[in-house]
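Novice:
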Amino acid sequence: MESGDEHAIESDSGSDTDRISELPEDILQKILSSVRIRAAVRMRRLSRRWRELCESLQFIHLDYRDFEHWKVKKFARFVNNLLLVRQKVDLHTFQLHWDSHPPLNCNDVRMWIGYAVKNNVKVLDVKLRLYDKTDLPPGIFTCRSLQELNLQWGEAPLWDCKHTGLVLPDMINLPSLKRLTLRDVEVSDLSLKRFIARSPSLEDIHLIDSAMYLDCIASTALKRLTLDGVLDGRCVFKISAPHLISFECTDYPLKAISWKGQPSLESARIDTCGYTFDGESKFTGVLAHAKKLALFGADIKVMLEKELPTCSVFASLTTLEIGDWYLSGDLFVVIRFLQLSPRLEKLTFRHRSLDSGAAESDAMPIGGITFQCPFLESVIIHCSAFSYGVAKLVNVMFVNGISEDKINFTLDEDIKERERLERICADEERSKELSIFEKMAKENPEWIDDDPDALSEPDSDQSDAYSDESDSDQSDAYSDESDDDD
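Numbering-wise (this note's numbering), the sequence shown opens with residue 23 and increments by one.
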């Protein structure tokens, strides 16, 4: 007896040529990578060609927002069946983002990641709100094919909690790794040196909310370094990376960071949490060749007051964001920085109002200091309200030849409201797309596999669970007819 797919293929033999199917497989796989995974598995019903493509997916993206109202067991069965019928071919990307309640079963997660590793995955991207990090998936830090690793795991569930922070294993061997992102990880000198030594191609390191027990971050291959928050640790370390071109640092005191040598940074974003700066290394020397700079925080101000008087010209700088302090209280930093930035094109001030009752601090003299920025196209001032301090800042721009039509204001409340509306619109658009997809699935039962149990309502327990009639003996092993509430 012919299968439904083969019958569809034969019935279409006289129809117009399916030109999309004639595209090279790598292009078709790229197309599938941009389609919701639930739609992709249904596309296998189109023809034998699409079935082969869908059963050899190279890009697997599993996002909790595409599985709204699904129970965890149903989602797990979907993933198990998806991997079960997939052919034994290399996997390019495995992405799992789950920020829903209840959490996924840690054993399922380990099994899925283990599958990706065994199939020579190149990009492994896993973000989980809850996970027990004491029992890592097998082979995750010894996968020779891995080029990008992103592990952002929250705290373990209370019933599965032995350790709240990820401790890097002793055995690390990732010869192809180029980009590393870790969240809530304990990083020591030894573990980081081991990672860098056994990942000779590692160019990009991003550590988020981690416990840092470091004396030095040293690498000759490193090009991009991002330190985004710290939970614990010594917080005092040196950076030795001669080929570093991008540096981002958030919620660190500036005095905690020093430099061994001076890399030629092309961009830097530093948003500090300290109030003083007594570092010995020349920060402005590290920033001297940057094209884009974003410098925020009270200790940034102290550092600039100390170093700008003897600083060399920022000859390549075209984009500057600066502030997060009472800018008009000490205009020396602003004017001197602009004086040293002759090629500046875009300027953004983040002006913080003076705290109620607080007096202005002693400012450095600015008598006779002027600047010229002939290429400056726009000036944006972020502030909580239009005040005397903002007016003083604007007047400095006018005096130095910056015309009124180039200056724009953005209130903090407006920024927050715009960001809130953008999030709402994005969520509504995604929900709308998902609703349309669910409606079409309900109106087109032929999209769903032939298993009678899979033909129930789209929001029921069994609908959309990925099973295949020809593999029923295998799929049934992963099927659970009685899903209790998780």
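Heads up, the beta-carbon is just placed ideally off N, CA and C, and yes, glycines get one too. As the structure is a computational prediction, the values presented were derived from the model and not from experiment.
Got a sec? Which residues, its chain only, sit under 6 Å from F81 by beta carbon, not counting five neighbours each side?
Specialist: So the list reads S55, H114, T115, once near-sequence residues are dropped.
Novice: With L236 and D273 assumed to form a contact (beta carbons below 8 Å), what rounded beta-carbon distance in angstroms separates them?
Specialist: That belief does not hold up - the Cβ atoms of L236 and D273 are roughly 16 Å apart, past 8 Å.
Novice: Using only the alpha-carbon positions, how far apart do K9 and E329 sit?
Specialist: Any question about residue 9 goes unanswered here, given that the chain covers just 23 to 508.
Novice: Could you tell me the distance, in whole angstroms, from the CA atom of R60 to the CA atom of D85?
Specialist: Whole-angstrom Cα-Cα distance: 10 Å.
Novice: L247 and R205: beta carbons closer than 9 Å?
Specialist: No, the pair does not count as a contact, with Cβ atoms beyond the cut-off.
Novice: Does the Cβ of G307 have 16 or more other Cβ atoms within 10 Å, making it buried, or fewer, making it exposed?
Specialist: G307 is exposed by the Cβ-count criterion.
Novice: Would you identify the three-state DSSP class for D471, choosing helix, strand or coil?
Specialist: Unreliable placement is indicated for D471, whose pLDDT of 42 sits below 50; the coordinate value is still reported in the next sentence. Of the three classes helix, strand and coil, the one that applies to D471 here is coil, per DSSP.
Novice: Using DSSP bridges, identify the partner residues of L249.
Specialist: Partner(s): L229, C271.
Novice: Starting from A240 and walking both ways along the beta strand (DSSP E), at which residues does that stretch end?
Specialist: Unbroken beta strand (DSSP E) run through A240: 238-240.
Novice: In this structure, what does DSSP give as the bridge partners for L150?
Specialist: In DSSP, L150 forms a bridge with W120, W175.
Novice: Given a threshold of 16 other Cβ atoms within 10 Å of its Cβ, counted over all protein chains shown, does C447 qualify as buried or as exposed?
Specialist: Exposed, because fewer than 16 other Cβ atoms sit within 10 Å of the Cβ of C447.
Novice: Would you call N102 buried or exposed, if buried means 16 or more other Cβ atoms sit within 10 Å of its Cβ?
Specialist: It counts as buried.
Novice: Within 10 angstroms of the Cβ of V258, are there 16 or more other Cβ atoms? Answer buried if so, exposed if not.
Specialist: Exposed.
Novice: Curious, which full-length beta strand (DSSP E) runs of at least 3 residues does the region 415-440 contain?
Specialist: Within the region 415-440, the complete beta strand (DSSP E) runs of at least 3 residues are 429-433.
Novice: Looking at P191 and S221, is the spacing between their C-beta atoms short of 9 Å?
Specialist: In this structure, P191 does not lie closer than 9 Å to S221 by Cβ.
Novice: Would you mind sorting L45 into buried or exposed? The rule is 16 or more other CB atoms within 10 Å of its CB.
Specialist: The residue is exposed, with fewer than 16 neighbouring Cβ atoms inside 10 Å.
Novice: Take L244 as the anchor and find which of I261, S122, L266 has the nearest alpha-carbon.
Specialist: Closest option to L244, Cα to Cα, is L266.
Novice: Determine the direct distance from the alpha carbon of I424 to that of C271, and round the result to whole angstroms.
Specialist: In a straight line, the C-alpha of C271 is about 31 Å away from that of I424.
Novice: Would you give the residue range spanned by the alpha helix (DSSP H) that E47 belongs to?
Specialist: First-last of the alpha helix (DSSP H) with E47: 47-55.
Novice: If you run the structure through DSSP and keep just helix, strand and coil, what is Y4?
Specialist: It is not possible to answer for residue 4, since the shown part of the chain is limited to 23 through 508.
Novice: Three Cβ pairs or more, each shorter than 8 Å: is that satisfied between the region 135-143 and the region 104-124?
Specialist: Result yes; three or more Cβ-Cβ pairs closer than 8 Å.
Novice: From what residue to what residue does the beta strand (DSSP E) around K314 run?
Specialist: From DSSP, the beta strand (DSSP E) with K314 extends over 314-318.
Novice: Please report the distance separating the alpha-carbon of I429 from that of L362.
Specialist: Between I429 and L362, the C-alpha separation is close to 20 Å.
Novice: Need the endpoints of the beta strand (DSSP E) that F81 sits in, please.
Specialist: Counting along the chain, the beta strand (DSSP E) containing F81 begins and ends at 81-85.
Novice: Apart from the five residues just before and just after D530, which ones in its own chain have a Cβ nearer than 6 Å to its Cβ?
Specialist: The first residue shown for the chain is 23 and the last is 508, placing residue 530 beyond what the model contains.
Novice: Would you mind sorting F408 into buried or exposed? The rule is 16 or more other CB atoms within 10 Å of its CB.
Specialist: That one is exposed.
Novice: The beta strand (DSSP E) that contains T392, what's its start and end?
Specialist: Neither: T392 is in no beta strand (DSSP E) and is coded neither H nor E.
Novice: Which residues in the same chain have their Cβ closer than 7 Å to the Cβ of Q109, if we skip the five residues on either side of it in sequence?
Specialist: Same-chain partners within the cutoff: E77, S78.
Novice: Going along the chain, which residues of its own chain have a beta-carbon closer than 8 Å to the beta-carbon of D434, five neighbours each way excluded?
Specialist: These residues qualify, in order along the chain: H404, C405, S406.
Novice: Taking P396 as the reference, which of T432, L443, T340, H373 has the closest Cα?
Specialist: Nearest C-alpha to P396: T340.
Novice: When you compare only the Cα positions, how much space is there between R151 and V57?
Specialist: Each residue's Cα considered, the two are about 24 Å apart.
Novice: With 16 other CB atoms within 10 Å as the buried threshold, where does D449 fall?
Specialist: It is exposed - the Cβ of D449 has fewer than 16 other Cβ atoms within 10 Å.
Novice: Classify G283 as buried or exposed, calling it buried when 16 or more other Cβ atoms lie within 10 Å of its own Cβ.
Specialist: Flag for G283 reads exposed.
Novice: Go ahead and label K454 buried or exposed: buried means 16 or more other beta carbons lie within 10 angstroms of its beta carbon, across all protein chains shown.
Specialist: Under this definition K454 is an exposed residue.
Novice: As a quick exercise: from L415, N422, S268, pick the residue whose alpha carbon is nearest that of F431.
Specialist: Residue L415 is the option with its Cα nearest to F431.
Novice: Around the Cβ of T242, are there at least 16 other Cβ atoms within 10 angstroms (buried) or fewer (exposed)?
Specialist: Label assigned to T242: exposed.
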